[in-house]
Each structure stands twice: as C-alpha cells, then as structure tokens.
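With the numbering used here applied, the sequence shown covers 4 to 302.
Even glycine gets a Cβ: it sits at the ideal position worked out from N, Cα and C.
Quantities reported herein were computed from a predicted structural model and do not represent experimental measurements.
Everything below concerns the one structure shown next.
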Amino acid sequence: MAEESAEVPRELTENIKDVIGRKIKITVKKKVKLEVKGDKVENKVLVLTSCRAFLLAARIPTKLELTFSYLEIHGVTCSKPAQMVVETEKYSLSMRMASSEDVSEVLAHIGSCLRRIFPGLSPVRIMKKVFMEPSERLASLQALWDSQTVAEQGPCGGFSQMYACVCDWLGFPYREEVQWDVDTIYLTQDTRELNLQDFNHLDHRDLIPIIAALEYNQWFTKLSSKDLKLSTDVCEQILRVVSRSNRLEELVLENAGLRIDFAQKLASALSHNPSSGLHTINLAGNTLEDRALFMVAKT
C-alpha cells in the first residue's frame, strides 16, 4: 500500500460530512485498509474529530461502519511501520495505512486531543496501553505531546470540557446547566467538593457522566451526596471512579439508599486501585453489611 495515497477525494469528503453531520469538525482523515478475515482487506476512510473516530466505507455513497470515543480505547499497537491496531471496548481494528507517517499522524492527533481535554493526564495513561516498534516512534510522539502548550484550563480543572467528552463517550445528552453550575457557582466558591445534591433536579441518569468525569478530573477531591437516593447504575459509576481515580480523597454517601452489598463492592474497587488517595468514607444512614464495612475500613 506504500504507493497509494492516504488522501481522501473532495467529493467523498463532502459525502462523509453528510453522513456524520456537517456540524462535526473533521480534523484528520485517512484512507485505510481494514483487515477483516485472513488476508482479506476492505477499503475504508478513518475520520478523526476532537474526541471521536469514525470508520466509513471508501465509496460514494459512503456508509458509517462504526465509531468510537477516544475514551473507549484500551490499547494501540503499531508493530509494523504502516499498521495500527486499535483495541476498544467493542472492537479490535487492524488498519493498514499508506505510510508510517500516517500512523504517527493519527496517533499524534488522538493523543493531542486527550491532552487538551484532560490536562495533567498522560495520553498513554488514558489509552491504557500504547506499543510502537521501534520504541523511538512512541518516544517521539511523547516528546511532541510534552512540547505542546495546553491552553489555560477552564474552571475546576477544565471539568466542563471533560464532562462534554464523557457525555459523548457514554451517549448521554450534554446538559448546559451542569456546565453553568460548575463554571460559575463552583468557580466562585472555589470548592474541591462535587455535591450531587446540586444536580438533583436532573434525571438520575444524568448524574452518570458528571460522576464519570471525576475519573479524569484533577480538581475535585471530594464527592458527596446526602438524602439523595442513588440508583444502581449511578452507584456503579461511583465504584468505577473509586477503582480508577488517584485524586478522590473523600467519599460521602449519606442516606443514599445504597444496596446491602455496596460496601463489599467498594472494598473491591479500592483493592484494585493501589494509587487511590481516598482516606475518608462516610456511608451513614445506609443498610450495609457489617462485615463489608469492616473490609472497607481495612482497605
């Protein structure tokens, strides 16, 4: 494929915009060959935006084959110069590109976007595992990311842009009132505590992306809720944050209607996060197993 161009013709680009939406800004687009079964490959177009990738048929009329958020990436492997294997929660995509430079450009863009949206976190950490052969290729990309000047963070460590990216990842609507509360009220209070009661006027499922953003946010150190019944899926998201965040120091879930096995799951989440900074936990007013609470206290 080395002789072929990775450039996407203008007519196909216009058709792609019609399919994914003209309001979405395309920043990188490349022709790729997607490996399917055995040695069989299919011609596709890889399109990158600020926080999401799209894979479309390389023909007119085009068709959206799949899409994934950069936050879904579990690993990237580049063992061959012009090949890139992306592992996500749902897919394993092996793509051949026109050159090693195209591979580097794609990965550089994804990393740069992650660094801009999640300042303070390494793109490699967010993508979980990045392997490039030879290793100098990754070192070069890391140097590029490190040299990039990140614009001044928004209020509360850039929480609102993280929240927007997480909404896109999880498929939740972006609530402007969440942005307003954080960018104005939280900013003026200069607080490190994210209080779920401030958002109790929203549907309970709208709490999920707010909580999920704490996995990446470096500003908030306390998550609290009092006299607000938390659904099972909201509790699961809290447990995920506990298992992954190294910034969360306090967790207060008073009278939250927690299920009896929550403390046991909390102990398990803590045991899977050796870098956790959580030192204060308040689960008062919930019916929980004494044995499980003892496990949490020991963790």
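* Along the chain, where does the beta strand (DSSP E) that runs through Arg99 open and close? -> 95-99
* Using the DSSP secondary-structure output, state which residues sit across from Gln86 in a beta bridge. => Arg99
* Asked: Going by alpha carbons, who is nearest to Ala154 out of Pro122, Arg140, Lys132?
  -> Pro122
* Asked: Nearest-angstrom Cα distance between Ile120 and Gly161?
  -> 7 Å
* **Asn198 - DSSP class collapsed to helix/strand/coil** => strand
* Asked: Cβ atoms of Glu38 and Val44: under 8 Å apart, would you say?
  -> yes
* Asked: Under three-state DSSP, which class holds Lys32?
  -> strand
* Can the beta-carbon of Ala266 be found less than 8 Å from the beta-carbon of Lys232? -> no
* Pick helix, strand or coil for Val44, following the three-state DSSP scheme. => strand
* To do: Flag this pair as touching only if the stretch 132-143 and the stretch 170-186 have three or more C-beta atom pairs under 8 Å; answer yes or no.
  => no
* Count the other C-beta atoms from every protein chain shown that fall within 10 angstroms of the C-beta of Ala5, then say buried if there are 16 or more, exposed otherwise. => Any reading at Ala5 must be qualified, since the residue scores a pLDDT of 42, below 50, and its modelled position is unreliable; no value is offered.
* To do: Check whether the Cβ atoms of Ala56 and Lys34 lie closer than 8 Å to each other.
  => no
* Span of the beta strand (DSSP E) around Gly60 -> For the sequence presented, residue 60 should be read as Ala rather than Gly. Where Ala60 is concerned, the enclosing beta strand (DSSP E) stretches over 55-60.
* Can at least three beta-carbon pairs, one atom from the stretch 140-151 and one from the stretch 88-98, be found at a separation below 8 Å? -> no
* Beta-carbon proximity check, Leu210 vs Val237, cutoff 8 Å -> yes
* Asked: Alpha carbon to alpha carbon, what distance is there between Thr80 and Ser97?
  -> 9 Å
* Where does Ile76 sit, in a helix, a strand or coil, going by DSSP? -> strand
* To do: Would you decide whether Ser278 is buried or exposed? Buried here means 16 or more other CB atoms lie within 10 Å of its CB.
  => exposed
* Same chain, Cβ closer than 6 Å to Ser53, neighbours up to 5 away in sequence not counted -> Cys116
* **Own chain residues within Cβ distance below 6 Å of Asn198, not counting five before or after** => Ser227
* To do: Could you tell me which of Leu67, Lys26, Val255, Ser103 sits nearest to Ala9, measuring between CA atoms?
  => Ser103
* Could you tell me which of Ser271, Asp230, Glu252, Asn220 sits nearest to Glu239, measuring between CA atoms? => Ser271
* When we look at the beta-carbon of Ile214 and count the other beta-carbons within 10 Å, is it buried (16 or more) or exposed? -> buried
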